[in-house]
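Engineer: Below you will find the structure I want to go over with you.
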Amino acid sequence: MEAKAIARYVRVTPMKARRVVDLVRGKQANEALAILQFAPQGASEPVYKVVASAMANARQHADKDGVAFNEDDYIITEARVDEGPTMKRFRPRAQGRAFRINKRTSHVTIVVGTEQKGGDQ
Numbered sequence: 015m016e017a018k019a020i021a022r023y024v025r026v027t028p029m030k031a032r033r034v035v036d037l038v039r040g041k042q043a044n045e046a047l048a049i050l051q052f053a054p055q056g057a058s059e060p061v062y063k064v065v066a067s068a069m070a071n072a073r074q075h076a077d078k079d080g081v082a083f084n085e086d087d088y089i090i091t092e093a094r095v096d097e098g099p100t101m102k103r104f105r106p107r108a109q110g111r112a113f114r115i116n117k118r119t120s121h122v123t124i125v126v127g128t129e130q131k132g133g134d135q
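Residue numbers (our numbering): 15 to 135.
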């Protein structure tokens, strides 16, 4: 069973968010939440919320389908950060010049699922 959560237009640069997402990719979901809770990076808070939302979505799918839900069975099967739109601002500089400031945004996507045991059935 899989569940997905997406946070769009998060005001953190994609490069910084990818550093945080790389910490938890492939990990067990509860372990990922613990890592994100104590990670010093600023981007860890929105990523934590997306992982928690994906777990809540998995719980809802399990309840809807009548399947037993066990948090320990879920791992982060897919985690990615895509670039969102960039807000362009201008900073005044000396002698009438202006420098552009790019305020980048991110789209964070997390998919959690149970481990699939391959082979014979």
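Every residue gets a Cβ at the ideal spot worked out from N, C-alpha and C, and that includes glycine.
If you follow the beta strand (DSSP E) that Asp-36 is part of, which residue opens it and which one closes it?
Structural biologist: Counting along the chain, Asp-36 falls outside any beta strand (DSSP E), though it belongs to the alpha helix (DSSP H) covering 28 to 38.
Engineer: Could you check which residue in Tyr-23, Ala-17 and Pro-28 has the C-alpha nearest to that of Arg-94?
Structural biologist: Comparing Cα-Cα distances from Arg-94 to each of Tyr-23, Ala-17 and Pro-28, the minimum goes to Pro-28.
Engineer: With 8 Å as the threshold, decide whether the Cβ of Arg-25 is near any Cβ in chain D.
Structural biologist: The structure shown contains no chain D; it is built from a single protein chain.
Engineer: Would you decide whether Val-81 is buried or exposed? Buried here means 16 or more other CB atoms lie within 10 Å of its CB.
Structural biologist: By the neighbour-count rule (16 or more Cβ atoms within 10 Å), Val-81 is not buried but exposed.
Engineer: Less than 8 Å between the beta carbons of Arg-107 and Ile-115, yes or no?
Structural biologist: No. Outside cutoff.
Engineer: Expressed to the nearest angstrom, what Euclidean distance is found between the alpha-carbon atoms of Gln-135 and Pro-54?
Structural biologist: Below a pLDDT of 50, predicted positions are generally treated as unreliable, and Gln-135, at 43, falls in that range; the measurement from the model is reported next regardless. If you take the alpha carbons of Gln-135 and Pro-54, they lie about 44 Å apart.
Engineer: Is it buried or exposed, Ala-112, if we count other Cβ atoms within 10 angstroms and call 16 or more buried?
Structural biologist: Counting Cβ neighbours within 10 Å, Ala-112 comes out exposed, since fewer than 16 surround it.
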